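In what follows, a single structure is set out as structure tokens and then discussed.
Chains as they are written, first to last, in this note's numbering: chain A, 33 to 324; chain B, 33 to 324.
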């Protein structure tokens, strides 16, 4: 059992009502709110060898925005808890990075907390809104499978950074430091789908995202590897490399034109085999990205 | 400038729209939601020398519930990010503690995240609802000042724990490990006040709470020390000791009966002097509780 499954098992055993858990965000139906909460921990998720306080702040917010987008929502508010042994300059630069991203996405910072701590930890809760949420449970046989994002790039960037290469104009390093998000896709789905749809981000790798929808929807996939956008020649990085924050989407045939119009590549179809098949080969092993 | 003021100064300088910041919770008017986010960091806010995983979990949620209560709201949902080098047993015990408190307060766990990390960090975001929020800005001259909670107890408990005393039936140690909250007071104010009211919890000490309302409302206080509930004979602990999670409340004369009916002690009155006067002596020095 992998760590994520073990964690979900423990939650299921200890928490009596866990009906809200299991998607990128919790969805609160009566108010249409989406809520998510993600943490970046120094030397687990990032290193100050190559993250400035500003870059860290930007990535920490982007990671959380991605959860709202992958739930088919619009981000509205964030709260930030920043811990560490931090000086005034660090805090200033960090919050400048925050300001840049929240301006871009029209998000309000509504709570901030600062505490001491040996290692730097950034914990962000994000609240968004949707009129039409996705769910990992919504994929159905014969739905089309789409994938936004250039996969393997972020993991390749991390490899380069860990080798000491600090060329911040390098496309792979850029992909790792400040991942590209796809709000236009999320918005188009929220506003235009006629049928229920499944979506998740590829934060823990493409295989991991496929596996989540597979398990929650009880489906399988037939995928054409050459349809996946990539700039690395390494299947492991493409399938298992994490932090590309692309969007994996399963939509009905009639809703497929929404994604076709946005030029999102169709990479395959949803099947009832409960298997993840890439170019006629079943992918079974979970080698998904584990931070460091 | 103390650390909290410095942090607020930096936020003001870096974040363009900070209209939501400055109270125990952010209040989102159009939906009536209250949101807060607090973090407990190992060896800063707690030590495993005397916190079990269950006790840590319970305290982490209580600290966040306190923020909702002190804003005049009802807690509804939490998300939890737990980081650390944790085994299965730890996670199980931790979430058993979570389950106990959320059942008691009828809260739903809607998001959970687990990451690695050298030191254990618990970061909880909480969402509540109110029809009538308090604000630190709402105190007015001639309002009455009330204080719920037995002050100095938690700090005394921490002193004992740090001396190696592990009697978990000791009232001071109990006050530190599992602080008592006052939902009945918060509810009564939300449902019954006719005028605006100011409230904050005393998480960072009584003086600190007084100072926050003083600054945000531009008022002062005349306080009778003997009206403050306490079981320690140490003015420093009573005024500056933290983590009692009592409620400091300023209400209008006509609303005072709400608190009189609940037997909340009236400890003084709001003045326009911009001074915190306790038994005719101005308290100026901020010796407020700094964790460890």
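Even for Gly, the Cβ is constructed at its ideal location relative to N, Cα and C. All of these numbers come straight from a predicted model, not from anything done at the bench.
List the endpoints of the continuous beta strand (DSSP E) containing residue i.
i, result
"residue 180(B)", "176-180"
"residue 142(A)", "140-147"
Across which residues does DSSP place residue i in a beta bridge pair?
i, result
"residue 70(B)", "156(B)"
"residue 58(B)", "67(B)"
"residue 129(A)", "Per DSSP, none; premise fails for residue 129(A)."
"residue 38(A)", "Its beta-bridge partners do not exist; DSSP assigns none."
"residue 107(B)", "160(B)"
"residue 112(A)", "144(A) and 156(A)"
"residue 313(B)", "310(B)"
For the alpha helix (DSSP H) containing residue i, name the first residue and the last one.
i, result
"residue 189(B)", "185-194"
"residue 75(A)", "Careful: residue 75(A) lies outside any alpha helix (DSSP H) and carries neither H nor E."
"residue 85(A)", "85-102"
Determine the chain A residues that contact residue i at a beta-carbon separation under 8 Å, and present them in chain order.
i, result
"residue 58(B)", "109, 111, 142 and 143"
"residue 39(B)", "123, 144 and 146"
So which residues on chain B does residue i lean against when the C-beta distance must stay under 8 Å?
i, result
"residue 49(A)", "140 and 141"
"residue 120(A)", "38 and 42"
"residue 46(A)", "124, 127, 128, 130 and 131"
Given that residue i touches chain B, what residues does it touch there, using C-beta distances under 9 Å?
i, result
"residue 331(A)", "Given that chain A is displayed from residue 33 to residue 324, the structure contains no residue 331(A) and the question cannot be resolved."
"residue 53(A)", "141, 142, 143 and 144"
Just to make sure I have the definition right: I need the residues of chain A whose C-beta is within less than 7 Å of the C-beta of residue i. Which are they?
i, result
"residue 115(B)", "71, 73 and 153"
Would you say residue i lies against chain E (beta-carbon separation less than 8 Å)?
i, result
"residue 204(B)", "Here chain E cannot be found, since the structure's protein chains are A and B."
In chain order, what residues of the region 128-162 of chain B put their CB closer than 8 Å to some CB of chain A? 128, 130, 131, 134, 135, 140, 141, 142, 143, 144, 145, 146, 147, 148, 149, 150, 151, 153, 155, 157 and 159
Unbroken stretches of the alpha helix (DSSP H), 4 residues or longer, contained in the region 225-310 of chain A: 238-249, 267-272 and 288-293
When you check each C-beta in the region 253-282 of chain B against every C-beta of chain A, which residues fall closer than 8 Å? none
Which residues, in chain order, does the region 61-88 of chain A contribute to contact with chain B at a C-beta distance below 9 Å? 63, 65, 67, 68, 69, 70, 71, 72, 73, 74, 75, 76 and 77
Taking only runs of the alpha helix (DSSP H) that begin and end inside the region 195-224 of chain B, which ones reach a length of at least 4 residues, in chain order? 203-209 and 215-224
Please name the residues in the region 189-206 of chain B whose beta-carbon is closer than 7 Å to at least one beta-carbon of chain A, in chain order. none
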